[in-house]
Amino acid sequence: MNESVERVRDALAELIKAALISDDRTSLACRDAAREKLAALAADPPEAGSLRIDGAWTLAIKAAEAPELQPAEGQVNLTLPRAAPFALEDLIAPGFDVDAAVERIRKSASTG
């Protein structure tokens, strides 16, 4: 896996964890981690051709659904969509709203 995919995967995984974790304090910590990772992506964005966002999304789901995290993930049904709900351009855009992104993931997870 190349570095660009890893960086995007890590940011998306934090968004997914924030959406899935029921504990508000832990979810907030994941949101903060997502903000940091997204800021790093925006400061040094990967080339769009260097990754497939849906592949990074799939890897992020696997990372966020790690067995050690599952007891805390009671917020929504774990049926997440296969396609990434965000484009790379969305993630690195100025003003990307992490809280709205988390809600979007929650809604997509609950509806499949």
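Under our numbering, the residues of the sequence shown are numbered 102 to 213, in order.
Every residue gets a Cβ at the ideal spot worked out from N, C-alpha and C, and that includes glycine.
Problem set entry | Contact check, A134 vs E115, beta carbons under 7 Å | The residue given as residue 134 occupies position 33 in the sequence shown. The residue given as residue 115 occupies position 14 in the sequence shown. Judged by beta-carbon spacing, E115 lies within the 7 Å limit of A134, meaning their Cβ atoms are closer than that value.
For this session: Tell me the start and end of each unbroken alpha helix (DSSP H) in the segment 110-174 that is at least 4 residues and wholly inside, in chain order.
Result: Taken in chain order, the whole alpha helix (DSSP H) runs of length 4 or more contained in the segment 110-174 are 125-144 and 154-165.
Exercise. Okay, do the segment 196-209 and the segment 117-129 touch, 3+ Cβ pairs below 8 Å being the bar?
Worked result: Touching, yes, given that three or more Cβ pairs across the two stretches are closer than 8 Å.
Problem set entry | Collapsed DSSP secondary structure at E185 in the structure displayed | Here residue 185 refers to the residue found at position 84 of the sequence shown. Note on residue identity: the sequence assigns Ala, not Glu, to residue 185. DSSP places A185 in the coil class of the three-state scheme, outside both helix and strand.
Exercise. Leaving out the 5 sequence neighbours to the left and right, which residues in its chain are closer than 8 Å to L142 when beta-carbon positions are compared?
Worked result: On the sequence shown, residue 142 is found 41 positions in, with the first residue counted as 1. Around L142: R108, V109, A112, L192 and I193.
Problem set entry | Distance, V106 Cα to L152 Cα | For the purposes of this step, residue 152 is taken as residue 51 along the sequence shown, with counting starting at 1. For the purposes of this step, residue 106 is taken as residue 5 along the sequence shown, with counting starting at 1. In a straight line, the C-alpha of L152 is about 6 Å away from that of V106.
For this session: Give the DSSP-derived three-state secondary structure of D198 in the structure shown.
Result: For this step, residue 198 is matched to residue 97 along the sequence shown. The answer is coil: DSSP assigns D198 none of H, G, I, E or B.
Problem set entry | Beta-carbon spacing of L189, I162 below 7 Å | As a position in the sequence shown, residue 189 is number 88, starting the count at 1. As a position in the sequence shown, residue 162 is number 61, starting the count at 1. Not closer than 7 Å, so no.
Problem set entry | Integer-rounded CB distance, given that L139 should sit under 8 Å from F197 | By 1-based counting over the sequence shown, the position of residue 197 is 96. By 1-based counting over the sequence shown, the position of residue 139 is 38. With a Cβ gap of about 6 Å, F197 and L139 count as contacting.
For this session: Count the other C-beta atoms from every protein chain shown that fall within 10 angstroms of the C-beta of P195, then say buried if there are 16 or more, exposed otherwise.
Result: Here residue 195 corresponds to residue number 94 of the sequence shown, with the count starting at 1. Flag for P195 reads exposed.
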